[in-house]
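Chemist: Let me begin by handing over the structure; questions about it come next.
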Amino acid sequence: MAMTDIKSILDMAIGREEEAFRFYADVADRMTNPAVKEIFGQLSQDELGHKTFLQAALKDDQIIAKLPVPADYKVAEATEEPALSIDMKPADALALAMKREQESAEFYRGLAQSASDATLGAMFENLALMELGHKTRLEHMFVDIGYPEVF
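Quick note on numbering: our numbering labels position 9 of the sequence shown as 10, and the sequence is numbered without any gaps.
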């Protein structure tokens, strides 16, 4: 994939957010568990927010560089990816979502490592950090649901 300018990178990233929106919205429509339906519905709206953020970055690509560096607890890496099912439990829905964000972060990191230009590499790395932030948020939710404290 030859990305030669920031606009091309951001356009590609916007397309990926649109795909994620469609995926989550479609899954939400098919879910039978109301809690899982709500999780995927919220995730679809989050993806629209990410798209809006990236569209703003088309006007000022420095806003991506200002994102905080999130902690990476590697919960997604230590969790098996569940199969998509209309009967999934909330923890499985979050596990699936955090695995998708992990894959997105790894995708951008791979592009950053193969970029021939430092500016483009930095843009890809910043997009990876954005996805890592999404993953970290989902990991927090997953830990709260998937590993409830026992007293």
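Glycine included, every Cβ here is placed at the ideal spot set by N, Cα and C.
Using CA coordinates, which residue listed in R101, E102 and L128 is at the minimum distance from Q114?
Modeler: The residue you call residue 114 lines up with position 113 of the sequence shown. Among R101, E102 and L128, the Cα nearest to that of Q114 belongs to L128.
Chemist: If we ignore side chains and look at the alpha-carbon of each, how far apart do E48 and A29 end up?
Modeler: In the sequence shown, counting from the first residue as 1, residue 48 sits at position 47. In the sequence shown, counting from the first residue as 1, residue 29 sits at position 28. Roughly 13 Å between the two C-alpha positions.
Chemist: Can you confirm whether the region 27–44 touches the region 69–76 when touching is taken to mean that 3 or more C-beta pairs between the two stretches lie within less than 8 Å?
Modeler: No, the region 69–76 is not in contact with the region 27–44.
Chemist: Could you check the C-alpha separation between L11 and A84 for me, to the nearest Å?
Modeler: Within the sequence shown, the letter at position 10 stands for residue 11. Within the sequence shown, the letter at position 83 stands for residue 84. Whole-angstrom Cα-Cα distance: 30 Å.
Chemist: Between M99 and E140, how many whole angstroms is the CB-CB distance? I'm expecting something under 8 Å.
Modeler: The residue given as residue 99 occupies position 98 in the sequence shown. The residue given as residue 140 occupies position 139 in the sequence shown. About 5 Å; that satisfies the 8 Å criterion.
Chemist: Between the alpha carbons of K38 and P91, how many angstroms are there, rounded?
Modeler: Within the sequence shown, residue 38 is the residue found at index 37, counting from 1. Within the sequence shown, residue 91 is the residue found at index 90, counting from 1. The alpha-carbon atoms of K38 and P91 are separated by roughly 9 Å.
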